[in-house]
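Protein chains in written order, with the numbering used here: chain Y, 1 to 403; chain A, 1001 to 1110. Note that CB positions come from ideal geometry on N, CA and C, so glycine has one too. Notes follow the structure.
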Amino acid sequence: MSKRILSLFRNLFRKRAIEQALDDELLSSLEALTQEKMKQGLSQSVARREALMEIGGIEQVKEEVRAVGAGRSVERLARDCRYGLRQLRRNPGFAAVAVFTLALGIGANTAIFSVVNGVLISQLPFRNADRIVSVFEDMPDFAQGSISYPVFLDWQRDNRSFESMAAYRWANGTITGAGQPENVRARCVSPAFFPILGVNPILGRNFNAGDDRRGADPTVLISEGLWQRKFGRDADVIGKRLVVGGTGRTIVGVIPASFQLKMWNFRTSDLYVPIGEEHDARFFKRDAHWGTDAIARLKPGVTVDQARKDMARVNAALAAAYPDDNKGLKSTILTLKQGIVGEMRPVLLVEAGRNKRWQVCATSSVRPRPAAATGSPLRGSTVPAQFAHRAPAGLTARTAVES
Amino acid sequence: MGQKRTDLLRGTLDLLVLKALSVEPLHGVGISRRIAQITKGAFQVSFGSLFPALHRMEERGWVEAEWRSSDNNRRAKYYRLTSAGRAQLKAEERQWNEVVKIMTTAVLSS
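Pasting the structure below:
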């Protein structure tokens, strides 16, 4: 093998020396044959002609020898490239269509790959994001529905698979009493919500269990953006009061602007309030589904499948305990990524696949047409015959653009 | 030229060239003549096949080439079997005998 590689380099870079040696060898052979024939009594000219005939043409033999040399394929490739360039120069219209078709194919591919890479391949920007799951309550007639808050609390208490669980839902974001009234995006979250995502307040603290119960002093977390806009990044904002939805709340922390998340009913917001502090008693009824969703972080070593089995056990117990409200209770567990990508995953994969195919189509279509079709005789024996053979008749640049 | 055109079986040429070189180093024309001799004139190897074969075998390390003066004091490229070439000759002989055995059995079967 190494010998073969060596001769490849020799053939490529010492081409002239090789050719010279071949010339010498053939000439000496011709000489030897001529001598032989002269010994048989032929005149020198006749002997030489016969010798030439026996060798079968110096150039032909040389061509045959070159054909076996290592590096032949590299040479052929280079020649094919030169041939291709020549063809393109001769036919600028075809060249333009070819370049356009390739550009389109490559461009579409790149665009789709960027999306696939961003959405399907790269990790979400959260600590051990693959350990974070979304949990839904399935009713017999409503899969992946919102969770009744008492059921969430039971799950939180009874499961053995999650380090922690957090619920979240929409909240009223009307701010009054601090300059112009305004309506911003707001969400209710459990104290565990930001810890599960690995998000720490840049100022102040997160919610704790004390904030997250009925009758607690109302508290609020604000976004870095709101902190900047309403409070001019005042470090003394912690402890200040903000009236949200008619309720006076104490600001306890600032969530960094780097936190960005969009999933199910969640959107990055300007205000976050504790979910368990809800004063409306109906929220705590077992048959109330107030648009609450949940996330959870798997315990180390626990797989999503194990968590599903564990939750099935918890749900069976709840269904037995509360047959009126929780008969047939089930839950769906998806990884955070599945939750975010959701139903777009198969669509994206198909799209990516289709673009691969399109690109293959685009590249394969951009080949010189068979000689017969162009009407131009292919020049000399150096024109690679396979060009003509491989291009299916009729598949010209035009069909590529239409496909 | 009056030469009998015999289509060499694929792979036979290598064996014949190796065999021709097994006694002593020869130049191209010499190899052609030696092959004609050992096949009792049945095979006339064309130079268009012989030289490519020699170059291929040289790249594979089966033969080595060297410029020497020939009998009539002319320079010629002489080919010599290497030890790898000898091993290859043995292998190809064994293989050939097997093929012959198999084909004979096949042809004689009723």
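Contact set between the stretch 52-74 of chain Y and chain A, restricted to residues whose Cβ is under 7 angstroms from the partner: M53, E54, I55, G56, Q60, V61, E64, V65, A67, V68, G69, A70
Neighbouring residues, chain A, relative to S45(Y) (Cβ below 7 angstroms): Here residue 45(Y) refers to the residue found at position 45 when the first sequence is read from its first residue. Within 7 angstroms Cβ-Cβ: nothing; S45(Y) doesn't reach chain A, min ~17 angstroms.
Listing by chain order, which chain Y residues have their CB less than 7 angstroms from the CB of A1076(A)? For the purposes of this step, residue 1076(A) is taken as residue 76 along the second sequence, with counting starting at 1. Chain Y residues near A1076(A): S28, A32.
Distance, T101(Y) Cα to L85(Y) Cα: As a working mapping, residue 85(Y) is identified with position 85 in the first sequence. As a working mapping, residue 101(Y) is identified with position 101 in the first sequence. Those two C-alpha atoms are separated by around 17 angstroms.
I'd like to check one pair, W290(Y) with F284(Y): are the Cβ atoms closer than 7 angstroms? Locating residue 284(Y) in the first sequence gives position 284, where the first residue counts as 1. Locating residue 290(Y) in the first sequence gives position 290, where the first residue counts as 1. No. Outside cutoff.
In the DSSP assignment, what are the bridge partners of P274(Y)? On the first sequence, residue 274(Y) is found 274 positions in, with the first residue counted as 1. Looking at the DSSP assignment, P274(Y) forms a beta bridge with V189(Y).
Does the pairing of the stretch 162-173 of chain Y with the stretch 191-210 of chain Y give three or more beta-carbon distances under 8 angstroms? yes
CB-CB length for I1035(A) against F1043(A), believed under 8 angstroms: The count along the second sequence starts at 1 and reaches residue 1035(A) at position 35. The count along the second sequence starts at 1 and reaches residue 1043(A) at position 43. The pair is a contact, with the Cβ atoms about 6 angstroms apart (cut-off 8 angstroms).
Under a Cβ-count criterion, where at least 16 other Cβ atoms within 10 Å of its own Cβ denotes burial, should R157(Y) be classed as buried or exposed? Working through the first sequence from its first residue, we reach residue 157(Y) at position 157. Exposed, since its Cβ has fewer than 16 Cβ neighbours within 10 Å.
Using the three-state DSSP reduction, which class does N326(Y) fall into: helix, strand or coil? Walking along the first sequence from the start, residue 326(Y) turns up at place 326. It is helical.
In whole angstroms, give me the CA-to-CA distance for Q1088(A) and R1060(A). On the second sequence, position 88 is the one that residue 1088(A) refers to. On the second sequence, position 60 is the one that residue 1060(A) refers to. In a straight line, the C-alpha of Q1088(A) is about 10 angstroms away from that of R1060(A).
Check whether chain Y comes within 7 angstroms of S1022(A), counting only Cβ atoms and requiring the distance to be less than that. As a first step, residue 1022(A) is located in the second sequence; it is residue number 22 there, counting from the start. No, its Cβ sits nowhere closer than 7 angstroms to a Cβ of chain Y.
Rounded to whole angstroms, what is the Cα-Cα separation between D1014(A) and A1053(A)? Walking along the second sequence from the start, residue 1014(A) turns up at place 14. Walking along the second sequence from the start, residue 1053(A) turns up at place 53. Spanning the two alpha carbons is a distance of roughly 7 angstroms.
Taking 7 angstroms as the threshold (C-beta atoms), are T247(Y) and P218(Y) in contact? Against the first sequence, residue 218(Y) aligns to sequence position 218. Against the first sequence, residue 247(Y) aligns to sequence position 247. Yes; because the gap between Cβ atoms is below 7 angstroms, this pair is in contact.
Which residue from T303(Y), V220(Y), Y322(Y), G118(Y) puts its Cα closest to that of A186(Y)? In the first sequence, the residue the question calls residue 186(Y) occupies position 186. The shortest Cα separation from A186(Y) among T303(Y), V220(Y), Y322(Y), G118(Y) belongs to V220(Y).
What's the gap between the Cα of D23(Y) and the Cα of F94(Y)? As a working mapping, residue 23(Y) is identified with position 23 in the first sequence. As a working mapping, residue 94(Y) is identified with position 94 in the first sequence. Taking the straight line joining both Cα atoms gives about 41 angstroms.
With respect to the beta strand (DSSP E) encompassing G145(Y), which residues constitute its N-terminal and C-terminal limits? Residue numbering aside, residue 145(Y) sits at position 145 when the first sequence is read from its first letter. Taken as a continuous stretch (DSSP letters only), the beta strand (DSSP E) holding G145(Y) covers 142-145.
Taking only beta-carbon positions, decide if E19(Y) is within less than 7 angstroms of chain A. Locating residue 19(Y) in the first sequence gives position 19, where the first residue counts as 1. Answer no: the Cβ-Cβ gap between E19(Y) and chain A never drops below 7 angstroms.
Nearest to V65(Y) (by Cα), restricted to the options H1027(A), M1057(A), W1096(A), Y1078(A): Indexing the first sequence from 1 puts residue 65(Y) at position 65. That would be M1057(A), whose Cα lies nearest to the Cα of V65(Y).
Tell me K262(Y)'s beta-bridge partners as DSSP assigns them. As a first step, residue 262(Y) must be located in the first sequence, where it is residue number 262. In DSSP, K262(Y) forms a bridge with R267(Y).
Indicate whether the contact test is met: 3 or more Cβ pairs, each with one atom in the stretch 200-210 of chain Y and one in the stretch 295-310 of chain Y, closer than 8 angstroms. no
To the nearest angstrom, report how far apart I58(Y) and Y1079(A) are at their CA atoms. Here residue 58(Y) refers to the residue found at position 58 of the first sequence. Here residue 1079(A) refers to the residue found at position 79 of the second sequence. Taking the straight line from one Cα to the other gives about 20 angstroms.
Under 7 angstroms Cβ-Cβ, which residues of chain A neighbour S7(Y)? As a first step, residue 7(Y) is located in the first sequence; it is residue number 7 there, counting from the start. In chain order: E1059.
How long is the line joining the alpha carbons of W1096(A) and S114(Y), rounded to whole angstroms? The count along the second sequence starts at 1 and reaches residue 1096(A) at position 96. The count along the first sequence starts at 1 and reaches residue 114(Y) at position 114. Approximately 59 angstroms, taken between the alpha carbons.
Let me check you understand the geometry: is the CB of E64(Y) closer than 6 angstroms to at least one non-hydrogen atom of the ligand FAD? No copy of the ligand FAD appears in this structure; indeed no ligand is present at all.
8 angstroms contact criterion, which V1029(A) and A32(Y) should meet: CB distance rounded: For the purposes of this step, residue 1029(A) is taken as the residue at position 29 of the second sequence. For the purposes of this step, residue 32(Y) is taken as the residue at position 32 of the first sequence. Their Cβ separation, rounded to whole angstroms, is 5 angstroms, which keeps V1029(A) and A32(Y) in contact under 8 angstroms.
Comparing alpha-carbon positions, which option in S29(Y), R79(Y), K37(Y), Q35(Y) lies nearest S1046(A)? Taking the second sequence and counting its residues from 1, one reaches residue 1046(A) at position 46. The candidate whose alpha carbon is nearest that of S1046(A) is S29(Y).
In its own chain, which residues sit with a C-beta less than 7 angstroms from the C-beta of Y322(Y), not counting the 5 before and 5 after it? Reading the first sequence from its first residue, position 322 is the one you call residue 322(Y). Correct list, in chain order: R286.
Excluding five sequence neighbours on each side, which residues of the same chain lie with their C-beta closer than 8 angstroms to the C-beta of R1075(A)? Here residue 1075(A) refers to the residue found at position 75 when the second sequence is read from its first residue. Same-chain partners within the cutoff: W1067, R1068, S1069.
Going by DSSP, name the residue or residues bridged to H1027(A). What you label residue 1027(A) is simply residue 27 of the second sequence in a count that begins at 1. In the DSSP output, where bridge partners are listed per residue, H1027(A) has Y1078(A).
Within its chain, find whatever has a CB closer than 8 angstroms to the CB of G210(Y); leave out the 5 residues flanking it on each side and keep chain order. Translated into the one-based positions of the first sequence, residue 210(Y) becomes position 210. Excluding sequence neighbours, G210(Y) sits near A216.
Using the beta-carbon count (16 or more within 10 Å), is C188(Y) buried or exposed? Here residue 188(Y) is taken as the residue at index 188 of the first sequence, counted from 1. Buried, because 16 or more other Cβ atoms sit within 10 Å of the Cβ of C188(Y).
Taking C-beta to C-beta, are H1055(A) and V68(Y) nearer than 7 angstroms? Within the second sequence, numbered from 1, the residue matching residue 1055(A) stands at position 55. Within the first sequence, numbered from 1, the residue matching residue 68(Y) stands at position 68. In this structure, V68(Y) lies closer than 7 angstroms to H1055(A) by Cβ.
Which runs of the alpha helix (DSSP H), 4 residues or longer, sit entirely within the stretch 40-84 of chain Y? 44-55, 58-68
Any Cβ of chain Y within less than 7 angstroms of the Cβ of P1025(A)? If you number the second sequence from 1, residue 1025(A) lands on position 25. No, no contact with chain Y.
Helix, strand or coil for A416(Y)? Go by DSSP, reduced to three states. In the structure as shown, chain Y starts at 1 and stops at 403, and residue 416(Y) therefore has no counterpart that could be examined.
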